[in-house]
Amino acid sequence: MAPTGWLGLTSLGTVHTAISLIAVAAGLAALFRCKEITMRTGLGRLFVWTTVLTCLTGFGIFQHSGFGKPHALGIITLAALAVGALAGRGLFFGKWARYVEAIAFSASFLFHWIPAFTETLTRLPLGAPLLPNADAPELKAITGVLLVLYLIGVGLQIRRLRGGTGGISPAPVRAGS
Numbered sequence: 144m145a146p147t148g149w150l151g152l153t154s155l156g157t158v159h160t161a162i163s164l165i166a167v168a169a170g171l172a173a174l175f176r177c178k179e180i181t182m183r184t185g186l187g188r189l190f191v192w193t194t195v196l197t198c199l200t201g202f203g204i205f206q207h208s209g210f211g212k213p214h215a216l217g218i219i220t221l222a223a224l225a226v227g228a229l230a231g232r233g234l235f236f237g238k239w240a241r242y243v244e245a246i247a248f249s250a251s252f253l254f255h256w257i258p259a260f261t262e263t264l265t266r267l268p269l270g271a272p273l274l275p276n277a278d279a280p281e282l283k284a285i286t287g288v289l290l291v292l293y294l295i296g297v298g299l300q301i302r303r304l305r306g307g308t309g310g311i312s313p314a315p316v317r318a319g320s
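Its first residue numbered 144, the sequence shown is counted upward by one per residue in my numbering.
If you want it as structure tokens, here you go:
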């Protein structure tokens, strides 16, 4: 096991956590200011690229000596980001592009919160964490609440997009879309 430092994290874990905190802050700011995460805003681009970096640095963390659920979540997150970026450019999804973009980028935002709660609650307070491990039933309940919040958030975004309100212009429509 690698030597640990701040909060029991390796150097890579510390960098990974710092980058993920920037991504979460950018995602929150984008959702509150722009009502969506999109590559058409600086906050959206910051969220997407720091989320990519979060995933890539996460692939180097092997807390349990091999590929695990967090690595699978990183792959799923990268796929959601790719779908969101393609949709945001008006590729492949035609008139549904803005909805797909909202769903995909919001999913990648949700995916930050699952390991955030897991790592925080199984590490802190130091020496006596609130939960014993990542399989604690409380984490399943938290994930359920996060899913409901995601569905509410996506529903609000879709409603806003359908109503044509908001200051963000629609994705460009490509020929043949």
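Idealized CB from N, CA, C, for every residue including glycine.
Computed from a predicted model, the values in this text were never measured in an experiment.
Buried or exposed for residue i, please, with buried defined as at least 16 other CB atoms from any protein chain shown within 10 angstroms of its CB.
| i | result |
| --- | --- |
| G309 | For G309, the pLDDT reaches just 48, beneath the cut-off of 50, and the residue's location in the model is therefore unreliable, leaving the point undetermined. |
| S251 | buried |
| E262 | buried |
| V297 | buried |
| V191 | buried |
| L294 | exposed |
| G306 | exposed |
Quick one, are the C-beta atoms of residue i and residue j less than 9 Å apart?
| i | j | result |
| --- | --- | --- |
| F248 | I180 | yes |
| C198 | T184 | no |
| L171 | A245 | no |
| L266 | G151 | The question names Leu, but residue 266 is Arg in the sequence shown. Contact flag set, yes. |
| S163 | P258 | yes |
| F260 | L282 | yes |
| A161 | L189 | no |
| T200 | L224 | no |
| M182 | A228 | yes |
| W256 | V167 | yes |
Please list, in chain order, all residues of the same chain as residue i whose beta carbon is under 7 Å from its beta carbon, the five residues on each side excluded.
| i | result |
| --- | --- |
| L292 | none |
Please state the DSSP three-state secondary structure of residue i.
| i | result |
| --- | --- |
| E281 | helix |
| G319 | Confidence at G319 is low in this model, with a pLDDT of 49, below 50, so the placement of that residue should be treated as unreliable; the coordinate-derived value is given next. Three-state result, G319: coil. |
| E179 | coil |
| S208 | coil |
| R232 | coil |
| T184 | coil |
Can you list, in chain order, the residues of its chain with a C-beta nearer than 8 Å to that of residue i? Leave out the 5 residues immediately preceding and following it.
| i | result |
| --- | --- |
| I204 | T153, L155, G156, H159 and P213 |
| N276 | T265 |
Near residue i, which residues of its chain fall below 6 Å by C-beta distance, leaving aside the five closest residues on each side in sequence?
| i | result |
| --- | --- |
| Q300 | E179 and A245 |
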